[in-house]
Amino acid sequence: MGRFMYVHFGDDIPRKIEVEYNKLLRREQYLRERDAENGLIDIVDFDDVLELQPDPASLPLNEYEAEEKKRHDSRLDYLPTAMELLKSENPEGYALIKDYFYSEKKVSLMFLASRYGITFEAVRYRLEQAKAMLKDYIIMHENK
129 MGRFMYVHFG DDIPRKIEVE YNKLLRREQY LRERDAENGL IDIVDFDDVL
179 ELQPDPASLP LNEYEAEEKK RHDSRLDYLP TAMELLKSEN PEGYALIKDY
229 FYSEKKVSLM FLASRYGITF EAVRYRLEQA KAMLKDYIIM HENK
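Going by the numbering used here, the sequence shown opens with residue 129, and the numbers climb by one from there.
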């Protein structure tokens, strides 16, 4: 910030008003200087930044979101192949995934525990293991 420049109004404006106006200008300049010292942006600078940024609602998708959507869709396309790999390597995990996620009606973990004759915690653990295997298959396919 530069030096403070006193503003003269001339003879039409009373001297008292001119002095008060310049006090307010000097105070405003002082506050801007303090904000700059403390790393805060000036509201004028902030308005300039807002003018440069486009409205996010007006953009359909940014590049990152478009890339994430493309990656998600490609992973979903590979899911049936990953399920076949899971079926060959871990048939029990495949059956749990199929019963839990692909059933017509909502199935609870307690129902699966009674159906397979194992504990609730074992069903949860085996589901997590099967999901981790599916994730690994899909990521390996992506990295090829």
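Ideal Cβ positions, reconstructed from N, Cα and C, are used throughout, including at glycine.
Here the structure is a predicted model, which is why all the values come from computation and not from measurement.
Item: Does the structure place the stretch 258–267 close enough to the stretch 202–218 that three or more beta carbon pairs sit under 8 angstroms?; Value: yes
Item: Got a sec? Which residues, its chain only, sit under 7 angstroms from S236 by beta carbon, not counting five neighbours each side?; Value: none
Item: Use the C-beta contact count for R243: other C-beta atoms within 10 angstroms, 16 or more gives buried, fewer gives exposed.; Value: exposed
Item: Output yes or no for whether 8 angstroms exceeds the beta carbon distance between D227 and L207.; Value: no
Item: Is DSSP giving L168 helix, strand or coil here?; Value: coil
Item: Going straight from the alpha carbon of A194 to that of G245, what length do you get?; Value: 44 angstroms
Item: Which of the three DSSP states is assigned to K263 in this structure?; Value: helix
Item: Cutting at 8 angstroms between CB atoms, please list the residues of its own chain near P219, excluding the five before and the five after it.; Value: none
Item: Hey, how far is the Cα of N190 from the Cα of D205?; Value: 23 angstroms
Item: Alpha carbon to alpha carbon, how far is D139 from R162? Give it in angstroms, no decimals.; Value: 34 angstroms
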